[in-house]
Amino acid sequence: MEYFKSGFKSVLGTQQGGSQPTGAEIVERLVERVEASTLLDDRRDAVRALKALSKKYRLEVGAQGMNALVKVLETDRNETETIGYVLDTLCNVMSDQPLDDEGEDIELKQGLGEQFTEIFIKKTDNVALLLSFLEEYDFHVRWPAVKLLTCLLINKCRDVQEIVLVNPLGVSKLMDLLCDNREVIRNDALLLLTHLTRSNANIQKIVAFENAFDRLFDIVSEEGHSDGGIIVEDCLMLMLNLLKNNTSNQNYFKEGSFIQRLTSFFTLNPEVIEAGWSAQKVSNIHHMLQIVRTLVSPQNPFQVTSSCQRVMNSCGLLEQLCNILMASGVPADILTEAINTVSEVIRGNHGNQEYFATVNAPSSPPKPAIVVLLMSMVNEKQPFVLRCAVLYCFQCFLYKNELGQAQIVQTLLPTTADVGTFTAGQLLCGGLFNQDSLSTWCAAVALSHSLVENTPQKEQLLRVQLATSIGTPPVSLLQQCTSILQEGGKVQTRLGLLMLLCTWLSNCALAVGHFVSFPINIPYVSLKFEFIINLTSQVALAEGDDQERMVQGLCAFLLGICVQFNDDSVITFNKDSLCQLIVKRIGMETFLDKLNGICKHEPYILAAQKPQLKYKHPSEALFDYEFCRLFKSLEGQIIKAITTKPGDNLLNGPEENLSEEQHGLLMQYKTLIRDQDQQLHEQSRKLEDLQSEHTKALQQLEEMNSTVQQLRDQTALLKAHKGVPQNDLPVLNIQEIENLKLEIENKTKEVEERDRTIHIMIAQQQNETGDSETSVFSLQSLRDQISSLELQIKEKDVQLQQLEDNQTKKRNEDQVQQTIPNRPEELTNDVKRLEEENVSLQLELDNIRKEQDDLLVLLSEQDTKINVYKSELKALGKQVEDDDDEIDDDEDIDEPI
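Structural data, given as structure tokens:
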């Protein structure tokens, strides 16, 4: 300091009165000397003095000496010592970092570097001048130039990037610095290039094609890979800048066989591991894993990601990453990042997924890596970020992997359960019903990923049975999930189970049928809306906080799925009845508001951005990426299905303004019609069975007639052959006639029994019609049945007449009576019996006709009552449709009572 003080005195002299000059005055005199000096030594001394003052008096030196110093750079560029002083001075002025403990007021002078940088780069030739100094090999010029360019990039990155980009060979000059054998320049050049390549794809491409990857790999190898120091970390950060969101560089990296060189990054030295992981080694491994993830990120184009995944498997990189997963002593943060990296390496790639399924942990006996990871996921003592990483890994393993999904579901089925060992399915079920809400949420999300876009596995999962307690019968997994929902609980638990149910029921009509068949399911959903949304007159509660509204929205989504994918197999909760439930218990407007409100919640927005779970706290884990995709795809379909159902027009129909008593009476009437309609269907089915049996009896009667004809033929033969002995023939013919008579009597009894049954059915229908108000459709069915019976009776009359004619012919056969003496008496008895049966059938026909007349009278009375009801409805101001439309409406109205 004595030297500088003596220099200041010789240059500036002393002021009047012997007072010391201020810092601004000293800087001003020095700047004047720089500008006015003709001797090189004088300028060098003045610049050296400004350099010494630039740390303490940044504002004064920058404001007064900027132009003079730049002029020195232009005029004295061959004087390396002077140029070095000028570059150091400008670097001190433009750096916002405090340079010593004595000096500047940080609060007053913060941001000066950015302001001076803006002044300096306003003239683009200044930056070009700095780039030209990089060609100087002299250490005192090149190193300050690198530091000054770094300061400019830190303060005004985008502006300096544009200037460097248009400068010829500007990037090439910077890349040459990596080959400098002086480590300090090379290391600072790494920092310079890291800032230069940040968020600028064009510069990234130029740097990559300037052979940057080769040089960076060489530096990392020289420094000892993951065991190296901060320089390895700087190289890896520069690689990340070059690869992130840059498809061109990613392709170049893959095609240049640089992925194969990554395998040397993850070769763990056992001696170093035993000694412990240093902080720098942890940081290096973390950045290495980041590079791998950048190449296989889900945000990359599919072709780029897929090709990189294949190379990572073939070169053994995936195997090394899996070894890190299963190694002992790995720090938690490295293990978490390694799990995330493996997740994205196998995501959507069947070959990598199959390999991961074969990885076993080094235990006795060996356990699959998936099982070991799931054990960590459902263990509430594990770190939250690690559990999220395991869930992400499981999701990536099942992504577009139907075989893997089937394997997970198979471990839940009883036929594949292996006693004494834990399976993935058992761990998921255990976590699903855990007291820890996060474990339940993770297990529900993981299980839902085994069902994504896989309808066969959704149907297979319906077979899963759970033993809830000793001595109680097992229940299905679907029913147990709904039971837990019925009990309430934490919001996180309910959201996880609701997302599982929504994924399970979507695009699976069989699962929807099982779900709505449980008596507690739909009442639970409607009850949630009833108590939370305040639609009924009995409950008046506020809507609740944001989390409760999310639960309400998912309940609405689940109910909409039950409508959209309902095949009407469960009559009580078919599509129409569910739509009526939504309209009457919830309200269409409220339902749509709750459904549309799901995508407006912040947790949903965050989850929908990327597949990986980026949560900082367990309470933030509410939505899943795949569920968000499912909601986006089905929201419009559900809204359309709900708003276009035929039952929705009931809002404006005649029931809207009815009183409670009238509404109840109308519901009873509908129930009565529905019950009678079911009874009519059953009776019609029975009548069809009887008609088929009657047809068989007629066929047998025809066969008997053919047998009688054969006997007649035999009688004719007896007349023609008188020479045949008479003792054998009569015995044979009499026996055949006896058998025929028995068969005719049996078949006649059967016909009579069937006719009697038909008459009883008609009488039952008549009684039911007289006691209750049947529909026009049922009465018309009775008319058709009676007409059918009349036709059958007429056919019987024709058959009896034919029998009488045959008997008349038989009386004329005198020769046959002589040949068979006992036959005329038997035939006479048969004719009498048939005549008696004919009289009996005629009486029955008269009775049936009489019953038909009575039934027609009842029909007339029924029509009169229907007209009375129509008149009453018209008096109430309701629109009454025609009979055919009323029949259709009655069939459509099938809501649960």
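Numbering (my numbering), first residue to last: 30 to 926. C-beta atoms are modelled at their ideal positions from N, C-alpha and C, and glycine is treated no differently.
Cα-Cα separation between residue 661 and residue 293, rounded to whole angstroms: Distance between residue 661 and residue 293, taken at the CA atoms: about 43 angstroms.
Check whether residue 124 and residue 140 have beta carbons under 7 angstroms apart: Judged by beta-carbon spacing, residue 140 lies beyond the 7 angstroms limit of residue 124, meaning their Cβ atoms are not closer than that value.
Identified DSSP bridge partners for residue 504: Answer by DSSP bridge pairing, in chain order: 495.
Contact belief for residue 232 with residue 195 at Cβ below 8 angstroms, rounded distance in angstroms: Incorrect: roughly 11 angstroms between the Cβ atoms, too far for contact.
Cβ contact check for the region 695-709 and the region 644-662: 3 or more pairs under 8 angstroms: Taking a contact to require three or more Cβ pairs closer than 8 angstroms, the region 695-709 and the region 644-662 do not qualify as touching.
For residue 624 and residue 589, believed in contact at Cβ under 8 angstroms, the rounded distance: Sure, about 6 angstroms apart at Cβ, within 8 angstroms.
Sequence-distant residues of its chain with Cβ nearer than 7 angstroms to residue 431 (five each side left out): Counting only Cβ-Cβ distances below 7 angstroms, and skipping sequence neighbours, we find 483.
Euclidean distance between Cα positions of residue 49 and residue 206: Roughly 45 angstroms between the two C-alpha positions.
Opposing strand residues paired with residue 390 [DSSP bridges]: According to DSSP, which records beta bridges pairwise, residue 390 is partnered with 396.
Cutoff 6 angstroms; reference residue 798; Cβ partners in own chain excluding five residues on either side: Below a pLDDT of 50, predicted positions are generally treated as unreliable, and residue 798, at 44, falls in that range; the measurement from the model is reported next regardless. So the qualifying residues of the chain are 887.
Same chain, Cβ closer than 7 angstroms to residue 222, neighbours up to 5 away in sequence not counted: The residues are 203, 236 and 267.
For residue 723, three-class secondary structure by DSSP: It is helical.
Validate contact between the region 365-376 and the region 409-425 using beta carbons, cut 8 angstroms, 3 pairs: Touching, yes.
Limits of the alpha helix (DSSP H) - the one that residue 170 falls within: Here the alpha helix (DSSP H) through residue 170 covers 168-184.
For residue 630, three-class secondary structure by DSSP: Three-state result, residue 630: coil.
Nearest residue (CA-CA) to residue 286, options 84, 230, 582 and 341: When only C-alpha atoms are compared, the closest one is 341.
Given residue 211 as reference, the closest of 368, 650, 168 and 729 once Cα atoms are compared: Closest option to residue 211, Cα to Cα, is 168.
Residue 545, buried or exposed, once every other Cβ within 10 Å from all chains shown has been counted against 16: Per the 10 Å Cβ criterion, buried.
Reduced DSSP secondary structure (H/G/I, E/B, other) of residue 278: Helix.
Inter-residue CB distance, residue 490 and residue 543 (contact presumed, cutoff 8 angstroms): With a Cβ gap of about 10 angstroms, residue 490 and residue 543 do not count as contacting.
Alpha-carbon to alpha-carbon, residue 405 and residue 396: Residue 405 has its alpha-carbon roughly 13 angstroms from the corresponding atom of residue 396.
Boundaries (first-last residue) of the alpha helix (DSSP H) holding residue 224: Residue 224 -> alpha helix (DSSP H) spans 212-225.
Alpha-carbon to alpha-carbon, residue 86 and residue 58: Taking the straight line from one Cα to the other gives about 14 angstroms.
Where the alpha helix (DSSP H) containing residue 407 begins and where it ends: According to the DSSP assignment, residue 407 belongs to no alpha helix (DSSP H), since it is labelled neither H nor E.
Boundaries (first-last residue) of the alpha helix (DSSP H) holding residue 662: Per DSSP, residue 662 belongs to the alpha helix (DSSP H) from 654-672.
DSSP three-state assignment for residue 487, whether helix, strand or coil: The answer is helix: DSSP assigns residue 487 an H, G or I state.
For residue 288 and residue 281, the rounded distance between their alpha carbons: A direct Cα-to-Cα measurement between residue 281 and residue 288 gives close to 10 angstroms.
Rounded distance between the beta-carbons of residue 209 and residue 150, thought under 8 angstroms: Contact check for residue 150 and residue 209: beta-carbon distance about 25 angstroms, past the 8 angstroms limit, so the pair fails to qualify.
Among 114, 455, 639 and 79, nearest to residue 54 - alpha-carbon criterion: Closest by alpha carbon: 79.
Which listed residue (726, 244, 473 and 274) has its alpha carbon closest to that of residue 261: If we check each option's Cα against that of residue 261, 244 comes out closest.
Cα-Cα separation between residue 865 and residue 892, rounded to whole angstroms: Straight across, the Cα-Cα distance linking residue 865 with residue 892 is about 41 angstroms.
DSSP state of residue 165 mapped onto helix, strand, coil: It is coil, neither helix nor strand.
Anticipated Cβ contact below 8 angstroms, residue 180 with residue 219, distance rounded: Their Cβ separation, rounded to whole angstroms, is 16 angstroms, which puts residue 180 and residue 219 out of contact at 8 angstroms.
Endpoints, alpha helix (DSSP H) assigned at residue 453: For residue 453, the uninterrupted alpha helix (DSSP H) run begins and ends at 453-461, by DSSP.
Nonlocal neighbours in the same chain, by C-beta distance under 6 angstroms from residue 73, ignoring five residues either side: 111, listed in sequence order.
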